[in-house]
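Numbering (the working numbering), first residue to last: -2 to 319. Written below as structure tokens is the structure these notes are about.
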Amino acid sequence: MARSVVVGSGSYLPARILTNDDLARMVDTSDEWIVQRTGIRQRHIAAEGEFTSDLATHAARRALENARLTPDDIDLVIVATTTPDQTFPATAVAVQTKLGMTHGAAFDIQAVCSGFVFGLTTADSMLKAGLARRALVIGAETMSRLLDWTDRTTCVLFGDGAGAVVLAREEGDDPNASGILAARLRSDGRHQDKLYADGGPSSTGTVGHLRMEGKEVFRHAVGMITDVIEDSFALTGMSAATIDWFVPHQANIRIIDASAKKLGIADEKVVRTVALHGNTSAASIPLALSVAVSDGRIRKGDVVLLEAMGGGFTWGAVLLRW
Ligand code: UT7
């Protein structure tokens, strides 16, 4: 039986840090409000001339190093992003070129904050179907370019960054072997107007700015997240007790903690990076994964639960053995 195994991970954060106090000098907000309502203390902001594909390429190189592989070993590049370098071509082909690859296939996935979970599931399906052998799955964002920096209800929430994993097809029948165990993806377009960009090539001919009804997103988030996770538990026989790590999308500490509590996941199993990264949309999960791998928390054989929810709405969960 074919499985898709994570064989490496890496991440990249732009050098510039924007603190809550910096933001309080730009809009009517405070460190106290941001920390209390979101758990965010700072976020990274890409430099002028630094594009999503640059962030993605740095993260990809680190993931390849971690996997002891080279771009020659990869035959699929998927970039999950809401902030592509250009309307087209895909940011993934820019990454492919920056990695020096002229072989394989590269494309983007657009599922906003759920993009990494959608990308990982797509790569898993392609690997299992024999369409590729080793994939780079990257979440990369320059959300700072999509923000209205005069809107305090959104500009304090997001940040830039990238994270990547290398996923490899492996064969074998061992039920305890590493690999993706289950994935569950959902979307419901009736909620399009709750989190969106007010522009696009086909509608306004502009990029637009991110707009969000935060309270409405919040109201739906915990229920949607816990539903797909319970489905993944049912599919695998896993439970809150048997997983080792919960690596949720990092949008708001209150959503993360409420979801963990509702599912009965012990506090020490929850990986939290929102304080230092803010909400980096599709990059948040691979960034958090990379942090927890490099600090020695996530180890080979650990069962890891990933979850995301975002614009669309889209939401999903992936359960895997590291
Ligand atoms: O990754 C995609 C998914 N996105 C999310 O998961 C985000 C989900 N939503 C949230 O995280 C929260 O709803 C927010 C953090 C966006 C907002 O928190 P909240 O507790 O829902 O606050 P609120 O929107 O109800 O606002 C409370 C008050 C309002 O003032 P009034 O009307 O009570 O006078 C806002 O105008 O806080 C005010 N406010 C602010 N005050 C200081 C809104 N933004 C700010 C701000 N600084 N930055």
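No residue lacks a Cβ here, since even glycine has one placed at the ideal position from N, Cα and C. Since the model is a prediction, treat every value here as computed from it, not as a measurement.
Between H246 and the ligand UT7, is there a pair consisting of the residue's CB and a ligand heavy atom that are separated by less than 7 Å? yes
Taking 8 Å as the threshold (C-beta atoms), are K297 and S175 in contact? yes
How is the beta strand (DSSP E) around A218 delimited, first residue to last?
Not the beta strand (DSSP E): A218 falls in the alpha helix (DSSP H), residues 211 to 233.
Contact under 8 Å by Cβ, G5 with N63 = yes
| From T147 to A285, what distance separates their C-alpha atoms? | 28 Å
For H41, the first and last residue of its enclosing beta strand (DSSP E)
39 to 42
Exercise. If you measure from the CB of G149, is any heavy atom of the ligand UT7 nearer than 7 Å?
Worked result: According to the sequence as given, residue 149 is Arg; it is not Gly. Yes, since a heavy atom of the ligand UT7 falls inside the 7 Å radius drawn around the Cβ of R149.
Open item on the list: Nearest by alpha-carbon distance to M235: which of L178, K258, R34 is it?
Closed with: L178
heavy atom of the ligand UT7 below 7 Å from V214 C-beta: yes
**Prompt:** Taking DSSP as the reference, what is the three-state secondary structure of G196?
**Reply:** coil
Let me confirm a value: A238 is counted as buried when at least 16 other C-beta atoms fall within 10 Å, else exposed. Which label applies? exposed
| request: Please classify D264: is it buried, with 16 or more other beta-carbons within 10 angstroms of its beta-carbon, or exposed? | output: exposed
Check your understanding: Residues in its own chain within less than 6 Å of G156 by CB, not counting five upstream and five downstream?
Key -> R40, H41, H274, G275, T277
When every heavy atom of the ligand UT7 is checked, does at least one fall within less than 7 Å of the C-beta of G211?
yes
- Task: Report the residue from W319, L15, V267 whose alpha carbon sits nearest the alpha carbon of L154.
- Result: L15
* Pick out whichever of S8, A(-1), V315, D228 has its Cα sitting closest to the Cα of A180. => V315
Worksheet item: Using CA coordinates, which residue listed in G261, G309, E304, F310 is at the minimum distance from F328?
Response: The question about residue 328 has no answer, for the chain in this structure spans -2 to 319.
- Below 7 Å CB to CB, which residues in the same chain sit around S287 once its five sequence neighbours on both sides are set aside? S6, G7, S8, G160
- Query: Where R22 and T151 are concerned, what is the direct C-alpha to C-alpha distance, given to the nearest angstrom?
  - Reply: 15 Å
Measuring only the C-alpha atoms, how far is Q189 from G46? 31 Å
**Asked** If you draw a straight line from the C-alpha of L124 to the C-alpha of A248, how long is it?
**Response** 30 Å
query: What did DSSP end up calling V114 once you bin it into helix, strand or coil?
result: helix
Do A272 and G36 have their C-beta atoms closer together than 8 Å?
yes
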